[in-house]
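In order, the protein sequences belong to chains A and B. Each residue of the first sequence is one higher than the one before, counting from 1 in the working numbering. Each residue of the second sequence is one higher than the one before, counting from 1001 in the working numbering. Every residue gets a Cβ at the ideal spot worked out from N, C-alpha and C, and that includes glycine. For clarity, every value in this text was computed on a predicted model and none was experimentally measured.
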Amino acid sequence: MKRSLTIFSWCVSLMLSSALPQKAQSLLPSPSGETARYDAYIELPRGYLSGICIMRCAGDTLRGSIFNEFGVSAMDFVYDKRKERVRLLSVMKMMDRWYIRRTLRADLRQLFKSMNAGEGEYHNERRHILYRFTPMVDSLNTPHPHDTEE
Amino acid sequence: MMKRTILTLCCLLASLFVTQAQNTDEASIRRRLNEATARITAMECDFVQTKHLSVLKDKMVSKGRMCYKKSDRLRWEYTSPYTYVFILNGNDVLLKNKNRSDIIDVDQNRMFREIVQIMLSSVVGNCLDDKNFKSSLKATATEYVATLTPQRKNMKQMFRQITLHFKRENACVTRVELTEKNDDRTVIELNNIHLNEALSDDLFLVR
């Protein structure tokens, strides 16, 4: 009898745990030293930017770079995960205006928060900008602990 | 006193001869490269592009295939780790990635005009007498190396320097290095190069 009850309660708990919503897996690289690569797509009201985003985790911060398919840099940034703050290290000359920097900082912050919750998309509805970062299936650039440049 | 004057004069003369020799050398390399470039009517090759990121001290490698047909048709296609096609046909550019496909008029888009010019100049190597670049040339045992410094404002905003490596035996571009203002560097290596072989016009269709 005891054994039947134990098996029954184990089955119920298993069913309940599978029915409960699971916490989505973060799309951001973690732990420290891990690198992640994404197909980056930013759609603007009058055009779009596409390319690659690479991010590396270093403690509480993420360092990243976004560049187009030809390798031309668009921006370099640092994201403080604890303070949820984005700092732009460099922005390509064409986009280097204070109001664009301000929008980028705010939008990337929202995007990274979404990515941390497992959602690789953020839509700035006020300015009609869509950010979509999809993890890259990448056989050529599989991160290796010693595969960094000096 | 007299000895010192003669010595100084000799040094001056020697340096003058060295400069003269360098100029002659550079002129002959330039002539050779220009002649080789003029002979290219079509080119097809594989490429490996390595982007060196200064902020991350990391690199990103992508691979693809390139086709060129004189004088303004270029197909630049990335096959791994992402798919992306850039086709230039006259003034029209087709951009195709997994999300969308767009046709752009190069004359209407300042940034693309610059990118197209750099790509064409780089793969064919016909920018040595281009006024948009200040160029210098040197020869090593196996190759000629052209260092180009952009002169136009828009191009200067993107690249600090472009270096082209030409194979000495056929004066064909085999390696392109693009250095950006943020110290990032993109190296493109061209492999399996086929020169002046028939290429279908369908490769360059923009639609």
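Within-8 angstroms CB hit, residue i to chain B
| i | result |
| --- | --- |
| D60 of chain A | no |
| S65 of chain A | yes |
| R56 of chain A | yes |
| G33 of chain A | no |
| V86 of chain A | no |
Neighbour-count burial assignment, residue i, 16 or more Cβ in a 10 Å radius
| i | result |
| --- | --- |
| P1150 of chain B | buried |
| D1129 of chain B | exposed |
| A1021 of chain B | Confidence at A1021 of chain B is low in this model, with a pLDDT of 47, below 50, so the placement of that residue is unreliable and no value is reported for it. |
| W98 of chain A | exposed |
| R1185 of chain B | buried |
| L1148 of chain B | buried |
| T1142 of chain B | exposed |
| E1035 of chain B | exposed |
| S1028 of chain B | exposed |
| D1105 of chain B | exposed |
Residue nearest to residue i in terms of C-alpha spacing, selected from the options
| i | options | result |
| --- | --- | --- |
| F70 of chain A | B:L1203, B:L1178, B:N1132 and B:L1164 | B:L1178 |
| N1182 of chain B | A:Y41, A:A74 and A:T61 | A:A74 |
| L1195 of chain B | B:C1045, B:E1035 and B:S1028 | B:C1045 |
| I1115 of chain B | B:W1076, B:G1064, B:K1063 and B:N1034 | B:W1076 |
| E1197 of chain B | B:L1033, B:M1043 and B:A1027 | B:M1043 |
| F1133 of chain B | B:Y1144, B:Q1117 and B:L1094 | B:Q1117 |
| V72 of chain A | B:G1064, B:T1142, B:R1073 and B:Q1049 | B:Q1049 |
| K93 of chain A | B:D1202, B:I1087 and B:R1160 | B:R1160 |
| G152 of chain A | A:T61, A:E121, A:L108 and A:D107 | Absent from the model: residue 152 of chain A. The displayed extent of chain A is 1 to 150, so no value can be given. |
| K83 of chain A | A:Y41, A:L104, A:R102 and A:F112 | A:F112 |
| T1041 of chain B | B:F1047, B:R1073, B:R1031 and B:L1137 | B:R1073 |
| K1059 of chain B | A:I54, A:G59 and A:A58 | A:I54 |
| R101 of chain A | A:D76, A:D80, A:S114 and A:H128 | A:D76 |
CB contact below 8 angstroms: residue i versus chain A
| i | result |
| --- | --- |
| T1163 of chain B | no |
| P1081 of chain B | yes |
| T1179 of chain B | no |
| N1097 of chain B | yes |
| T1186 of chain B | yes |
| L1190 of chain B | no |
| I1193 of chain B | no |
| L947 of chain B | It is not possible to answer for residue 947 of chain B, since the shown part of chain B is limited to 1001 through 1207. |
| Y1078 of chain B | yes |
| L1056 of chain B | yes |
| L1053 of chain B | yes |
| Q1049 of chain B | yes |
| Y1084 of chain B | yes |
| V1206 of chain B | no |
| M1111 of chain B | yes |
| N1132 of chain B | no |
| M1158 of chain B | yes |
| M1060 of chain B | yes |
| N1089 of chain B | no |
| I1115 of chain B | yes |
| D1202 of chain B | no |
C-beta neighbour in chain E for residue i, strict 8 angstroms
| i | result |
| --- | --- |
| L104 of chain A | As a matter of chain content, chain E is missing from the structure shown, whose protein chains are A and B. |
The beta strand (DSSP E) enclosing residue i, as first and last residue numbers
| i | result |
| --- | --- |
| S1080 of chain B | R1073 to S1080 |
| R82 of chain A | Unbroken run through R82 of chain A: none, as it is neither H nor E. |
| V137 of chain A | Here V137 of chain A belongs to no beta strand (DSSP E), and DSSP marks it neither H nor E. |
| Q1049 of chain B | A1042 to L1053 |
| R63 of chain A | T61 to F67 |
| V1093 of chain B | D1092 to K1096 |
| F1204 of chain B | That residue, F1204 of chain B, is in no beta strand (DSSP E); it is neither H nor E in DSSP. |
Range of the contiguous alpha helix (DSSP H) that encloses residue i
| i | result |
| --- | --- |
| L108 of chain A | W98 to N116 |
| V1173 of chain B | Looking at the DSSP string, V1173 of chain B is not in any alpha helix (DSSP H); the run it does join, the beta strand (DSSP E), is C1172 to E1180. |
| Q1157 of chain B | K1153 to M1158 |
| F1086 of chain B | Note, F1086 of chain B: premise wrong, no alpha helix (DSSP H); beta strand (DSSP E) at Y1084 to N1089. |
| V1123 of chain B | R1110 to V1124 |
Query raised in the report: Is the number of C-beta pairs between the segment 1123 to 1132 of chain B and the segment 1171 to 1189 of chain B that are closer than 8 angstroms three or more?
Result: yes
Query - Inter-stretch contact at 8 angstroms, needing at least 3 Cβ pairs: the segment 41 to 49 of chain A / the segment 22 to 32 of chain A - result: no
Report task. Taking 8 angstroms as the threshold, find out whether the segment 1068 to 1087 of chain B comes into contact with the segment 84 to 100 of chain A through three or more Cβ pairs. Result -> no
**Report entry** Stretch-stretch touch, CB-based, cutoff 8 angstroms, three pairs: the segment 1053 to 1064 of chain B with the segment 1155 to 1172 of chain B
**Finding:** no
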